[in-house]
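Asker: My questions all concern the structure below.
Protein chains: 2
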Amino acid sequence: MNSELTKVPGKQEIINASAKIKDYIHRTPVLSSSLINDHFDCQIFFKCENFQKVGAFKSRGAVNTVLSLSKKQLENGVCTHSSGNHAQALARAAKLLNTKASIVMPKNAPNVKVAAVKQYGGEITFCEPNLQARESTLKKIILKTGSTEVHPYNDYRIICGQATAALELIEDIPDLQKIIAPVGGGGLLSGTALSTKYFAPKTKVIAAEPEMANDAFRSFYEGKFIPSKNPKTIADGLLTSLGTLTYPIILKHVDQIVTASEQSIIEAMQLIWERIKIIIEPSSAVPLATILENKIDVKGQKIGIIISGGNVDLAKLPWLK
Amino acid sequence: MNSELTKVPGKQEIINASAKIKDYIHRTPVLSSSLINDHFDCQIFFKCENFQKVGAFKSRGAVNTVLSLSKKQLENGVCTHSSGNHAQALARAAKLLNTKASIVMPKNAPNVKVAAVKQYGGEITFCEPNLQARESTLKKIILKTGSTEVHPYNDYRIICGQATAALELIEDIPDLQKIIAPVGGGGLLSGTALSTKYFAPKTKVIAAEPEMANDAFRSFYEGKFIPSKNPKTIADGLLTSLGTLTYPIILKHVDQIVTASEQSIIEAMQLIWERIKIIIEPSSAVPLATILENKIDVKGQKIGIIISGGNVDLAKLPWLK
Numbered sequence: 000m001n002s003e004l005t006k007v008p009g010k011q012e013i014i015n016a017s018a019k020i021k022d023y024i025h026r027t028p029v030l031s032s033s034l035i036n037d038h039f040d041c042q043i044f045f046k047c048e049n050f051q052k053v054g055a056f057k058s059r060g061a062v063n064t065v066l067s068l069s070k071k072q073l074e075n076g077v078c079t080h081s082s083g084n085h086a087q088a089l090a091r092a093a094k095l096l097n098t099k100a101s102i103v104m105p106k107n108a109p110n111v112k113v114a115a116v117k118q119y120g121g122e123i124t125f126c127e128p129n130l131q132a133r134e135s136t137l138k139k140i141i142l143k144t145g146s147t148e149v150h151p152y153n154d155y156r157i158i159c160g161q162a163t164a165a166l167e168l169i170e171d172i173p174d175l176q177k178i179i180a181p182v183g184g185g186g187l188l189s190g191t192a193l194s195t196k197y198f199a200p201k202t203k204v205i206a207a208e209p210e211m212a213n214d215a216f217r218s219f220y221e222g223k224f225i226p227s228k229n230p231k232t233i234a235d236g237l238l239t240s241l242g243t244l245t246y247p248i249i250l251k252h253v254d255q256i257v258t259a260s261e262q263s264i265i266e267a268m269q270l271i272w273e274r275i276k277i278i279i280e281p282s283s284a285v286p287l288a289t290i291l292e293n294k295i296d297v298k299g300q301k302i303g304i305i306i307s308g309g310n311v312d313l314a315k316l317p318w319l320k
Numbered sequence: 000m001n002s003e004l005t006k007v008p009g010k011q012e013i014i015n016a017s018a019k020i021k022d023y024i025h026r027t028p029v030l031s032s033s034l035i036n037d038h039f040d041c042q043i044f045f046k047c048e049n050f051q052k053v054g055a056f057k058s059r060g061a062v063n064t065v066l067s068l069s070k071k072q073l074e075n076g077v078c079t080h081s082s083g084n085h086a087q088a089l090a091r092a093a094k095l096l097n098t099k100a101s102i103v104m105p106k107n108a109p110n111v112k113v114a115a116v117k118q119y120g121g122e123i124t125f126c127e128p129n130l131q132a133r134e135s136t137l138k139k140i141i142l143k144t145g146s147t148e149v150h151p152y153n154d155y156r157i158i159c160g161q162a163t164a165a166l167e168l169i170e171d172i173p174d175l176q177k178i179i180a181p182v183g184g185g186g187l188l189s190g191t192a193l194s195t196k197y198f199a200p201k202t203k204v205i206a207a208e209p210e211m212a213n214d215a216f217r218s219f220y221e222g223k224f225i226p227s228k229n230p231k232t233i234a235d236g237l238l239t240s241l242g243t244l245t246y247p248i249i250l251k252h253v254d255q256i257v258t259a260s261e262q263s264i265i266e267a268m269q270l271i272w273e274r275i276k277i278i279i280e281p282s283s284a285v286p287l288a289t290i291l292e293n294k295i296d297v298k299g300q301k302i303g304i305i306i307s308g309g310n311v312d313l314a315k316l317p318w319l320k
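Chains Y and H supply the protein sequences, listed in that same order. Those letters in the first sequence? Residues 0 to 320, per numbering that gives the first Met the number 0, in order. Those letters in the second sequence? Residues 0 to 320, per numbering that gives the first Met the number 0, in order.
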């Protein structure tokens with residue numbers, strides 16, 4: 000078992016994770032658009048995890064976690080419940096290490112994500128689209144197979160892996176005033192906050208969340224954990240609520256949480272498609288959506304935004320509804 | 000006036016152009032997808048000119064040409080007829096050097112391209128969507144303003160500028176077996192062929208053309224210039240026929256021309272969107288479409304593809320028709 004399971008990842012652990020996963024993931028590019036910069040009167044640097052393996056930052060945490068498993072654990076396989084990107088990432092990580100991944104997915108998961116999990120050899124069990132159904136279905140699988148659960152975000156090894164995205168961004172653009180990451184379960188956000196604290200302590204960390212799934216916003220400002228109840232947002236990667244491990248890291252190291260409306264998320268998504276010429280999923284557009292809504296002071300500043308992923312069903316684009 | 004006007008650009012002229020335009024354009028990245036590579040059993044390197052300024056390789060030729068104009072020419076402005084990307088590129092290049100660009104556009108040009116030309120300060124005159132109407136409208140503008148025509152492709156300064164894309168690709172990936180470029184008027188293709196001849200003489204140059212606008216294919220294999228008559232293809236950047244300057248270069252230095260059906264172009268476009276997570280326009284998908292149709296032997300080889308641009312009307316995606 001890995002020591003990272005029991006405590007918040009330290010500076011050296013994130014550096015080690017970055018070296019350990021290096022051969023299994025992409026070092027993704029950082030892109031900018033002069034038109035977007037002119038429009039918002041600032042410099043925005045987009046860390047493009049949509050170009051990551053399986054099309055999302057989730058590959059980082061999944062690879063880091065599977066690489067830390069014992070031989071016996073690998074024999075019994077891994078399992079998880081996930082609305083999509085973590086599922087693909089875990090299926091791929093398992094395949095790389097010749098083990099099996101059992102994936103519980105909500106039955107309303109986008110087709111493109113279901114197909115991708117199958118392509119990486121993951122075995123899918125569908126369930127109702129709520130947390131309770133996911134967890135009970137997963138428990139049955141664990142009882143049957145003895146496989147190791149790899150939680151999408153509430154796991155220090157996952158958080159440590161996700162932290163490597165911000166580490167790379169900080170290496171490429173060392174003097175950012177702010178880094179903005181979207182928040183769902185908080186794996187990316189807590190990892191981003193830790194890396195920023197360790198490697199760029201003067202940089203502020205801001206979380207961007209859909210108004211329609213604002214559990215992190217409420218939990219952060221009310222000081223107690225308030226889970227979302229059946230949230231509905233186009234940003235389908237951000238439906239989950241914070242976890243018991245991610246919430247304390249966020250409370251301690253995140254400077255601000257802001258929200259964006261569904262309309263702004265769609266507008267920001269389209270702006271990024273048109274101007275940067277990259278495919279991003281709605282969840283990735285939430286940080287720019289909060290800037291569109293003037294929720295963050297960016298004027299004259301250097302801003303980093305983590306683009307979380309690019310897995311979109313191209314037959315269902317939100318501006319065509 | 001620039002000496003490049005009167006003869007085929009040489010090796011040193013392309014090197015000089017590359018240095019001259021460097022501060023005005025992006026050095027675009029070269030991307031790959033392991034899924035696409037596995038699928039076609041080869042390594043494909045996509046030179047991403049969709050990330051270029053104005054979203055297309057056309058910025059290279061336009062900047063190179065405007066930088067070569069005399070002070071007097073700059074005073075009277077520049078003009079052109081173009082279905083889109085060249086128009087944006089020339090408008091931008093003119094703005095950079097504080098001169099005026101008059102643009103003749105077919106009235107069926109995509110909205111997104113019309114809007115972009117306006118954004119860069121270009122003055123648009125619309126005309127019927129055929130070559131005759133474009134040319135007569137342009138002549139009237141030249142008579143009125145004394146501005147210098149910058150042809151979209153039939154100009155050695157333009158060809159020399161477009162050649163810098165392949166030069167960069169060859170610098171990044173020196174041992175390609177083949178480079179595939181789409182062909183419309185032949186500016187990109189003739190530039191690509193020259194750079195490949197000069198900087199990677201062992202690499203084959205292949206042109207990819209829509210079946211529905213196959214004038215280059217026919218002219219190449221029949222040995223005489225056969226223009227397209229009102230061609231219709233989704234690859235709207237490739238509607239034009241070869242020019243008197245591009246055709247001889249292509250005859251001399253291109254190894255093979257292959258065509259692709261409309262359906263393959265759409266399929267290849269969607270494949271690139273889904274797998275590489277980049278926005279490309281239909282014209283850019285034609286090279287991969289010819290590989291989809293097994294028109295080119297790629298097995299086990301290193302293949303370069305020039306992605307010409309990424310200006311798409313996001314409200315009109317071809318797979319949603």
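Don't be surprised by glycine CBs; every beta carbon is placed ideally from N, CA and C. All figures in this text were calculated on a predicted structure; none of them were measured in a lab.
For a contact defined as C-beta to C-beta under 9 Å, what are the partners of Pro28/H on chain Y?
Answerer: Those within 9 Å of Pro28/H in chain Y are Pro28, Leu30.
Asker: Counting only Cβ pairs nearer than 9 Å, list the residues of chain Y close to Phe56/H.
Answerer: Those within 9 Å of Phe56/H in chain Y number zero; the least Cβ separation is about 13 Å.
Asker: Just to confirm the assignment, what range does the beta strand (DSSP E) spanning Ala180/Y have?
Answerer: Element bounds for Ala180/Y: 177-181.
Asker: Looking at C-alpha atoms only, which residue of Tyr246/Y, Ala234/Y, Asp235/Y, Thr232/Y is the closest neighbour of Pro226/Y?
Answerer: The shortest Cα separation from Pro226/Y among Tyr246/Y, Ala234/Y, Asp235/Y, Thr232/Y belongs to Tyr246/Y.
Asker: Check whether the Cβ atoms of Ser194/H and Ala234/H sit closer than 8 Å, and answer yes or no.
Answerer: No, they are not a contact pair.
Asker: With a threshold of 6 Å on Cβ separation, who are the neighbours of Ala288/H within its own chain once the five nearest residues in sequence on each side are excluded?
Answerer: Excluding positions up to five away in sequence, the list reads Ala259, Ser263, Ile264, Ala267.
Asker: Please name the residues in the stretch 272-291 of chain Y whose beta-carbon is closer than 7 Å to at least one beta-carbon of chain H, in chain order.
Answerer: Answer in chain order: Trp272, Glu273, Lys276, Ile277, Ile278.
Asker: With 16 other CB atoms within 10 Å as the buried threshold, where does Gln161/Y fall?
Answerer: Per the 10 Å Cβ criterion, buried.
Asker: Okay, do the stretch 43-62 of chain H and the stretch 10-30 of chain H touch, 3+ Cβ pairs below 8 Å being the bar?
Answerer: These segments touch.
Asker: According to DSSP, what are the bridge partners of Ser189/Y?
Answerer: None, per the DSSP bridge assignment.
Asker: If you run the structure through DSSP and keep just helix, strand and coil, what is Ala100/Y?
Answerer: In this structure, Ala100/Y counts as strand in the three-state DSSP scheme.
Asker: Name the chain Y residues whose beta carbon is nearer than 7 Å to that of Gln269/H?
Answerer: Near Gln269/H (Cβ distances below 7 Å), the residues of chain Y are Leu313.
Asker: Answer with buried or exposed for Ser69/H, where buried requires no fewer than 16 other C-beta atoms within 10 angstroms of its C-beta.
Answerer: It is exposed - the Cβ of Ser69/H has fewer than 16 other Cβ atoms within 10 Å.
Asker: For His150/H and Thr202/H, what's the separation of their Cα atoms in angstroms?
Answerer: Cα-Cα distance, rounded: 29 Å.
Asker: Under 8 Å between C-beta atoms, does Leu89/H make it to chain Y?
Answerer: Taking Cβ atoms only, chain Y never reaches closer than 8 Å to Leu89/H, which makes this a no.
Asker: Could you check whether the stretch 184-193 of chain H touches the stretch 217-232 of chain H, counting it as contact only if at least three pairs of C-beta atoms, one from each stretch, sit closer than 8 Å?
Answerer: With the cut-off at 8 Å, the stretch 184-193 of chain H and the stretch 217-232 of chain H do not touch.
Asker: Return the chain-ordered list of same chain residues with a C-beta closer than 7 Å to the C-beta of Leu166/Y, the five sequence neighbours on each side being excluded.
Answerer: Counting only Cβ-Cβ distances below 7 Å, and skipping sequence neighbours, we find Ile13, Ser17, Ser194, Phe198.
Asker: What would DSSP say about Gly303/H, mapped onto helix, strand or coil?
Answerer: It is a strand residue.
Asker: Is there a Cβ of chain Y sitting closer than 8 Å to that of Asn49/H, yes or no?
Answerer: Closer than 8 Å: yes.
Asker: Quick one, which residues of the stretch 178-195 of chain Y are near chain H if we go by CB-CB under 7 Å, in chain order?
Answerer: Hits within the stretch: zero.
Asker: Say whether chain Y places a C-beta atom closer than 8 Å to the C-beta of Leu321/H.
Answerer: Nothing can be reported for residue 321/H: it is not among the residues displayed for chain H, which extend from 0 to 320.
Asker: Between Ile140/H and Asn110/H, what straight-line distance do the alpha-carbon atoms span, to the nearest angstrom?
Answerer: Between Ile140/H and Asn110/H, the C-alpha separation is close to 23 Å.
Asker: Does DSSP put Glu148/Y in a helix, in a strand, or in coil?
Answerer: Reduced to three states, the DSSP call for Glu148/Y is strand.
Asker: Select from Pro8/Y, Lys315/Y, Gln300/Y, Ser81/Y the residue whose C-alpha is nearest the C-alpha of Arg156/Y.
Answerer: Closest option to Arg156/Y, Cα to Cα, is Pro8/Y.
Asker: By Cβ distance, which residues of its chain are closer than 8 Å to Leu237/Y, with the 5 residues on each side in sequence left out?
Answerer: Once the five neighbours on either side are set aside, the close Cβ partners of Leu237/Y are Pro181, Val182, Gly183, Glu208, Pro209, Ala212, Ser282, Val285.
Asker: Using 7 Å as the cut-off, classify the Cβ of Tyr23/H as near or not near the heavy atoms of the ligand FAD, replying yes or no.
Answerer: The ligand FAD is not part of this structure, which contains no ligands at all.
Asker: Just confirm the distance between the C-beta atoms of Val116/H and Ala86/H, as a whole number of angstroms; I'd bet it's less than 8 Å.
Answerer: Correct: roughly 5 Å between the Cβ atoms.
Asker: In this structure, does DSSP put Phe56/H in helix, strand or coil?
Answerer: Of the three classes helix, strand and coil, the one that applies to Phe56/H here is coil, per DSSP.
Asker: Taking Asn310/H as the reference, give the member of Val77/H, Ala108/H, Gln11/H with the closest Cα.
Answerer: Ranking Val77/H, Ala108/H, Gln11/H by Cα distance to Asn310/H puts Ala108/H first.
Asker: Between the alpha carbons of Pro173/Y and Thr163/Y, how many angstroms are there, rounded?
Answerer: If you take the alpha carbons of Pro173/Y and Thr163/Y, they lie about 14 Å apart.
Asker: Quick one: does Gly160/H have its CB under 8 Å from some CB of chain Y?
Answerer: Gly160/H does not count as touching chain Y.
Asker: Using a Cβ cut-off of 8 Å, which residues of the stretch 298-313 of chain H contact any Cβ in chain Y, in chain order?
Answerer: The residues in question are Gly309, Leu313.
Asker: Between Asn129/H and Asn229/H, how many whole angstroms is the CB-CB distance? I'm expecting something under 8 Å.
Answerer: Rounded, the Cβ-Cβ distance is 7 Å, consistent with contact.
Asker: Which of the three DSSP states is assigned to Ala234/H in this structure?
Answerer: DSSP places Ala234/H in coil when its eight states are reduced to three.
Asker: Which class does Leu291/Y belong to by DSSP, given the choice of helix, strand or coil?
Answerer: Note: Leu291/Y maps to helix in three-state DSSP.
Asker: With a threshold of 8 Å on Cβ separation, who are the neighbours of Gln72/H within its own chain once the five nearest residues in sequence on each side are excluded?
Answerer: Excluding positions up to five away in sequence, the list reads Thr147.
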